[in-house]
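A.B. asks: FYI, the UniProt record's numbering numbers position 5 of the sequence shown as 5, with every residue one higher than the one before it.
Beta carbons: idealized from backbone N, C-alpha and C, even for Gly.
If you scroll down you'll find the structure; I have some questions about it.
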Amino acid sequence: MCQPHDEQAVLNYLEWQKLYGTEKPFQLFSVVGGGHLPDQRTTNLVFKEGEVETIHDVRGTESQYSLNKQGFTFRIYPTRVHDFGVRDEVENVYLPEIEELLRREVEGIDQVYRWHYLNRQRKDEVTLLKMFDSDPEVEAKLIFKDGNE
């Protein structure tokens, strides 16, 4: 049932391909090699449109969500960071703050492992994926459902 600020939407899901077992999913946003390479695919992504889903507006109900039940939680957490565009400030202030928050929120935590962080507002830093890396485990910035219910 929809609440007043909920939205109905159709989401596109990455559809698993056997190819992803040996080749990372990729999408290129510029021409490689002047456009004269033998394999000029710009993507190997295949998407499938999902069913209509309700995107819930959780404002005002944040306390109903927990790590143990839903796998995520909401916290208002004041930070000492003044500029998230300054990498040193993020790494030396914000990330330790988040580690402390995780240690406080997650019972029995022994270690916090930081996989990756990305400031999406910076346009001057570009991260290149190793497209031909044999490790198919890649961070997909998409929704993925493998069909296991």
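(1) Applying the 10 Å Cβ sphere with the 16-neighbour rule, what's the burial state of S77?
(2) Mapping the DSSP letters down to three states, classify G60 as helix, strand or coil.
(3) Which of helix, strand or coil does DSSP assign to N12?
(4) From this set, Q64, Q8 and V112, which residue's C-alpha is nearest I55's C-alpha?
(5) Report the rounded CA-to-CA distance for R103 versus W115, giving the unit in angstroms.
(6) Going by beta carbon distance, what residues of the same chain come within less than 6 Å of K18, once the five residues before and after it are set aside?
(7) Residues bridged to V52 by DSSP?
(8) Can you name the residues that DSSP bridges to T43?
(9) Within the continuous alpha helix (DSSP H) that includes P96, where are the two ends?
C.D. replies: Quick answer:
(1) It is worth fixing the name first, because residue 77 is Tyr in this sequence and not Ser. Burial call: exposed.
(2) Reduced to three states, the DSSP call for G60 is coil.
(3) Looking at N12 - three-state DSSP - the assignment turns out to be strand.
(4) Answer by Cα proximity: Q8.
(5) Straight-line measurement puts the Cα of W115 at about 16 Å from the Cα of R103.
(6) Excluding positions up to five away in sequence, the list is empty.
(7) Per DSSP, V10.
(8) Residue pairing by DSSP puts T43 in a beta bridge opposite Q27.
(9) Residue range L95 to E105 is occupied by the alpha helix (DSSP H) that includes P96.
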